[in-house]
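Protein chains in written order, with my numbering: chain A, 1 to 249; chain B, 250 to 498; chain C, 499 to 747; chain D, 748 to 996; chain E, 997 to 1245; chain F, 1246 to 1494. Glycine included, each C-beta is placed from N, C-alpha and C at the ideal position. For clarity, every value in this text was computed on a predicted model and none was experimentally measured. Remarks on the structure that follows.
6 protein chains.
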Amino acid sequence: MRVDGRERHQLREVHIEKDYIKHPEGSVLITVGETKVICTASIEDKVPPFMRNGGKGWITAEYSMLPRATETRNIRESSKGKVTGRTMEIQRLIGRALRSIVDLEKLGERTIWIDCDVIQADGGTRTASITGAYVALVLALSKLWEKKVLTSLPVYDFLAATSVGIDEELGPILDLNYIEDSKANVDMNIIMTGKGEFVELQGTGEEATFSRKQLNELLDLGEKGIQELITLQQETLGEQIASIILNNK
Amino acid sequence: MRVDGRERHQLREVHIEKDYIKHPEGSVLITVGETKVICTASIEDKVPPFMRNGGKGWITAEYSMLPRATETRNIRESSKGKVTGRTMEIQRLIGRALRSIVDLEKLGERTIWIDCDVIQADGGTRTASITGAYVALVLALSKLWEKKVLTSLPVYDFLAATSVGIDEELGPILDLNYIEDSKANVDMNIIMTGKGEFVELQGTGEEATFSRKQLNELLDLGEKGIQELITLQQETLGEQIASIILNNK
Amino acid sequence: MRVDGRERHQLREVHIEKDYIKHPEGSVLITVGETKVICTASIEDKVPPFMRNGGKGWITAEYSMLPRATETRNIRESSKGKVTGRTMEIQRLIGRALRSIVDLEKLGERTIWIDCDVIQADGGTRTASITGAYVALVLALSKLWEKKVLTSLPVYDFLAATSVGIDEELGPILDLNYIEDSKANVDMNIIMTGKGEFVELQGTGEEATFSRKQLNELLDLGEKGIQELITLQQETLGEQIASIILNNK
Amino acid sequence: MRVDGRERHQLREVHIEKDYIKHPEGSVLITVGETKVICTASIEDKVPPFMRNGGKGWITAEYSMLPRATETRNIRESSKGKVTGRTMEIQRLIGRALRSIVDLEKLGERTIWIDCDVIQADGGTRTASITGAYVALVLALSKLWEKKVLTSLPVYDFLAATSVGIDEELGPILDLNYIEDSKANVDMNIIMTGKGEFVELQGTGEEATFSRKQLNELLDLGEKGIQELITLQQETLGEQIASIILNNK
Amino acid sequence: MRVDGRERHQLREVHIEKDYIKHPEGSVLITVGETKVICTASIEDKVPPFMRNGGKGWITAEYSMLPRATETRNIRESSKGKVTGRTMEIQRLIGRALRSIVDLEKLGERTIWIDCDVIQADGGTRTASITGAYVALVLALSKLWEKKVLTSLPVYDFLAATSVGIDEELGPILDLNYIEDSKANVDMNIIMTGKGEFVELQGTGEEATFSRKQLNELLDLGEKGIQELITLQQETLGEQIASIILNNK
Amino acid sequence: MRVDGRERHQLREVHIEKDYIKHPEGSVLITVGETKVICTASIEDKVPPFMRNGGKGWITAEYSMLPRATETRNIRESSKGKVTGRTMEIQRLIGRALRSIVDLEKLGERTIWIDCDVIQADGGTRTASITGAYVALVLALSKLWEKKVLTSLPVYDFLAATSVGIDEELGPILDLNYIEDSKANVDMNIIMTGKGEFVELQGTGEEATFSRKQLNELLDLGEKGIQELITLQQETLGEQIASIILNNK
């Protein structure tokens, strides 16, 4: 039995609250068990210098934790004067993942800024961020489309992420909370689309390794969890938007 | 009539939700109209170097806004690599104010870290932070006292803050929202105790000045608003804690 | 009796030496008791990005202390790689105050850089900086006017600052030196115009509070001190410039 | 046919030159096609603060490119004053990978600093760094063992890394050079041990996705390439050290 | 004729005002023509980490210019967040020079902080800083000696600096002001002791070169100027201290 | 006898390997005894802001050491977040020296970036960097000339550098290695042209001084060493380029 009573293949309870914050073009509060992340999408009418005059848009992400999102207080990165390596890795991952299911040419020379701010952390903050940020992004793009700034919704698939890992006693498990994550030998983040394709796969076995057979078991668990998350995303966004995305590309 | 229909001497609707975040020793979500701030209090069992071996405790505060708490997205201070002057001013103000009503000797060699994170901004974020942080602080200190780490609750007064200003047409007004703040000629933040004494007074008339008579009208409005906020703090903290604080000193 | 023999309502000896430094458009050395500050005003023919094409000018201030202006040596902010919160607060205060008595539209798209460098500190460095910087600013603007770059002197009032505080034994006192400032329960900086209006009011009672009655006594003292400082500014600038300013607006 | 005439499953020519630099405890120059990396291992007789008094050692890595290792000159990170996200990701990856095959308890409270400096880049610099750094690390540890500072060689497996990717025309390919990497739809870095277990798997399909079937083809290619790299490592280190590692654990 | 009417071998007018600032252990205002530098010496009762427990003292220097010491305003290094290369070179030069004539063992484990702050610049700020800092240093050390903290004055020679250069029309000239420095083909800073030995020699011919013969002419001029500066230092410090230094070593 | 068996007036063995790195327009590996530096020259088709529209080119240099180029590991400047004073001094020196023998007007509005990366250090890294960088620079400029971007080779002299110093027992010595440098009383870097003129002279006697006579002996040694280095540069660049440079100006 898992520490919180779940089955090995069971996600934690997940909620996605739309329009959580008033100002951004798109925003959600995503809750995965005790992990809570505010995800917002902001539209800027220009692209970074390296993309100018290319006719394409850009999506970039920032990730942060409130200092006391965690068990013990973390020093703010603004006080340290620099962003840690962990934060940079996560930011790059979120941005890269979201860019994979958006038609950047149809977006035009605009930047979508994704902000994922963890207000309470209990494991899986980067995968919750991706799953939530996807919804915030679609909300913001829908607004552009409704305003006829865009002639179509430039999103051609769903996208969600979860973690899987190997517990020494239980074997492969889905959606690790903080305690499980601390004990796991192997930890893997999986990002997949609604069509069941991989967007990103990051598996690591610090002070441990894993076999090809174990990898396959982990991937099976991950696929199942992501399908459930995508179903929730579809419900949150509503039937109309969901069917447009399903029919794109 | 004010832009949101209030009377000149009327506060916006204020809520203080206790224990909003799971990990910190004390936490609240304070809502003042459309302004929302998460305030947490974290206890550390040591003091900064300049206070070591003095037998006294310390209270320090940090303040931040989510990038999209505002109408347009702000660059994160962690990305800029430095904290702005405005943030520093606010952090210093919050810490100074809270230290004025805590008995730092009874606190002992401990630091209380106050974190005020604005998740939605509509004017008055610094005063809402102080009013909310006071409650988070008392919650954290109560926990130390309940655990018998402290032999008494080292808080000897209530403390709340609000803003007042002069509108060109309406004259002095209480608790300015963002639109009012942008238009006001004079802007003043007032921090007062439950006993009606001033802790801090910061009035500024950028591109304007104000007379002694106007100052007095502003102070009258501020006193009234702060009394209402302190009543709400007492309700939030509960009768038992409120009466202990009232009887201290 | 005060530590340096002054009456409670007495300023320290104040001198303002014009044209102290050769290169700047305006410069003074202001001496308030043992506090000495070099104030310079430099003219730049453009405004910061956020003000471009608005037809208005800007005034911004920087403040610093020589490392050994104080009793013990301070680390240079350039060595630390960042400006402290205290410095930022003071810089913002000086700039804001000076902007309140200048007609920024008549100034045109120019920036006046005010630099206040404390070469010896004995309390009241920020208020001495403001009083001195005002004179340096007017000198620089007069030069623009004499050269016919400006068609009038765009200054419509005098401006000076002083501190007041509450000494535990003596009660309210004017113009605190370092020793007095260290002991005072309440410390207030007041910035006023020649017409007797407030520009800025910052009162704080760290580890203490103050009543409305005490506030009024402090304001009385401050008004008196500022009138004397403004008389000295008028003498320093000379009758011609003084009367132009008095007649403006 | 690939751009440089290789077969799809063929590594570029690889050389590992031992003891390339005079001062470090271990050093190599690894050449993979046109990619050249100097890898050094330096021993420090203490561990970082978070590990003190735990009786375990630590391995940490730094990675950098000479400004002109690449086609166009890159600004030095020391000039920028900060390390980019890409560099941080690579550094963390190298350190994590090497820690997975070293017995940190047998290492004792020592830190091994791995430095990977790319002097010429043509794709695959991070995987070449890991493959080379492994050899530098073993050389440094052997020296500690020869000097009887360690009672055994605390390395219990070989470790090498390579990249695989999907070319739009050729399909899955092994060990991508810069041109191939720029064009590839999917890019995956694989780190494996001599026993054929995964240590880290990072697959990403920016602006593309990949199926489970494609994943399996990529893993087959990667396994083959890594076996060849490990054979080269064994030759470089010599039979004696190779057999000790093979017999460990 | 030189631009300011001097002979080729003539120094500008030089003044050294002792005890210019109240707090530091030693301080002077040195004036060389229109160049004015405040030099202070501060004593700290410990040495930097790399010198601890070596029984020797240390002398370190910092150099800065007020933003408007120069014709056009310079951005403060504290605002830039870093010290420029030029400043670092000068700081290192001043510290190195002063250490060469102090017996660091007799100084004991103390650091002397030298601060040279240029309040008005007209060429030769670094050499004026050295000549002035020497006097501030001796004043501070004398104070330690008078208080019997030191059993002798640990200074065994005088030390002064000047610049020489080659003017295209006039040939070699002594003590260049800003205009001369801007035009000079070759610029050399010379630091010498009272006994006529070199401590430091830095000659550079940006976009020009100089012959061995020209070098000799420059050195002759420099020696003459430095002797005059040392005579002034002796007068400033007074006969008693001067004769102690002359008799040391 | 010197520590490595050389005569007092003898250089270490020197090699210059052309085109050591593939991407840069010019590159060499220079080996001076055990000191090894990669020098590259990169061409950028613009000049820094302060030179724009002046019709002249610019040469700027950066210098760095691999962390383990030295006996003990140095912290990377990118990790520290800033460049040390020593590095800045060396960078400025290299750039200044190279600019002295290039016709910047004939270069046109281009910047040549010189990068000197020390991969192994044993004394004399800055002088080896200059001697090597000169060759890399000429190689890059020749390429521009061969491509007819420049109508002539804008280099009008050779340029090399070496160090000289005073050993307590041996007296003046040429080209100090690390051990000799650590022990030397006086250390001087000399940069000269093929025509035997000085470009830069930096002599320092930390905790020591030197006489005019000693200076002359040091200069004699330096001249001899530099002539030998220039002969090697001529051989490396080949007769054709050497004779063009000799005939320029």
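Any chain C beta carbon closer than 7 Å to residue i
{"i": "E/Asp979", "result": "The requested residue 979 of chain E is not part of the displayed model; chain E covers only 997 to 1245."}
{"i": "B/Leu467", "result": "no"}
{"i": "B/Ser349", "result": "yes"}
Chain B contact for residue i (CB, 7 Å cutoff)
{"i": "C/Ser709", "result": "yes"}
{"i": "A/Pro24", "result": "yes"}
Minimum Cβ-Cβ distance from residue i to chain E less than 7 Å
{"i": "F/Arg1194", "result": "No answer is possible for residue 1194 of chain F: the residues shown for chain F start at 1246 and end at 1494."}
{"i": "F/Arg1337", "result": "yes"}
{"i": "F/Thr1449", "result": "yes"}
{"i": "F/Glu1350", "result": "no"}
{"i": "F/Glu1452", "result": "yes"}
Cβ of residue i within 7 Å of any chain F Cβ
{"i": "D/Ile768", "result": "yes"}
Residue i burial status per 10 Å Cβ neighbour count (16 or more: buried)
{"i": "C/Ile534", "result": "For clarity, residue 534 of chain C is Lys in the given sequence; the question names Ile instead. Classification for C/Lys534: buried."}
{"i": "B/Ile270", "result": "buried"}
{"i": "B/Glu320", "result": "exposed"}
{"i": "A/Thr125", "result": "buried"}
{"i": "B/Gly487", "result": "exposed"}
{"i": "B/Asp253", "result": "exposed"}
{"i": "C/Asn675", "result": "buried"}
{"i": "E/Met997", "result": "exposed"}
{"i": "E/Ile1226", "result": "buried"}
{"i": "D/Gly997", "result": "In the structure displayed, chain D extends from 748 to 996; residue 997 of chain D sits before or after that span and is not available."}
Test: residue i CB closer than 7 Å to a CB of chain A
{"i": "B/Val332", "result": "yes"}
{"i": "B/Ser327", "result": "yes"}
{"i": "B/Arg322", "result": "yes"}
{"i": "D/Thr817", "result": "no"}
Using a Cβ-Cβ cut-off of less than 7 Å, list which residues of the stretch 1146–1163 of chain E approach chain C; keep chain order. Within the stretch 1146–1163 of chain E, not one residue has a Cβ closer than 7 Å to any Cβ of chain C.
Would you list, in chain order, the members of the stretch 438–451 of chain B that have their beta-carbon closer than 7 Å to a beta-carbon of chain C? When C-beta distances to chain C are compared with 7 Å, the residues of the stretch 438–451 of chain B below that value are Thr442, Glu446, Phe447, Val448, Glu449, Leu450, Gln451, in chain order.
Identify every run of the beta strand (DSSP E) within the stretch 1371–1414 of chain F, keeping only runs that are complete inside it and at least 3 residues long; order them along the chain. If we require 3 residues or more, the beta strand (DSSP E) runs fully inside the stretch 1371–1414 of chain F come out as 1404–1412.
What are the residues in the stretch 1104–1136 of chain E lying within 9 Å of chain C by C-beta distance? Cβ contacts with chain C come from Trp1109, Asp1111, Asp1113, Ile1115, Gln1116, Ala1117, Asp1118.
Specify whether the stretch 461–475 of chain B and the stretch 696–713 of chain C touch according to this definition: at least 3 beta carbon pairs, one from each stretch, less than 8 Å apart. Enough Cβ pairs lie closer than 8 Å, so yes.
Within 8 Å of chain B by C-beta, residues of the stretch 36–67 of chain A in sequence order: The stretch 36–67 of chain A vs chain B, Cβ under 8 Å: Ile38, Thr40, Ser42, Glu44, Glu62, Ser64, Leu66, Pro67.
Inter-stretch contact at 8 Å, needing at least 3 Cβ pairs: the stretch 127–146 of chain A / the stretch 24–42 of chain A: Yes, the stretch 127–146 of chain A touches the stretch 24–42 of chain A.
Runs of 3 residues minimum, wholly inside the stretch 56–128 of chain A: which ones carry the beta strand (DSSP E) assignment? Complete beta strand (DSSP E) runs here, min 3: 58–65, 111–120.
Considering only residues of the stretch 163–230 of chain A, which uninterrupted alpha helix (DSSP H) runs meet the minimum length of 4 residues and lie entirely inside it, listed in chain order? If one requires a minimum length of 4 residues, the alpha helix (DSSP H) runs lying completely within the stretch 163–230 of chain A are 178–183, in chain order.
Taking any Cβ of chain A, which residues in the stretch 473–490 of chain B have a Cβ under 9 Å from it, in chain order? Within the stretch 473–490 of chain B, contact with chain A at the beta-carbon level (separation under 9 Å) is assigned to no residue.
Quick check: the stretch 1294–1311 of chain F against the stretch 1405–1417 of chain F, are there 3 or more CB pairs under 8 Å? No: the two stretches stay apart, fewer than three of their Cβ pairs being nearer than 8 Å.
Does the structure place the stretch 1248–1264 of chain F close enough to the stretch 1031–1045 of chain E that three or more beta carbon pairs sit under 8 Å? In short, these stretches do not touch, since the Cβ pair count stays below three.
Positions along the stretch 421–432 of chain B whose CB lies within less than 9 Å of some CB in chain A: Those residues of the stretch 421–432 of chain B that come within reach of chain A (Cβ to Cβ, closer than 9 Å) do not exist; the list is empty.
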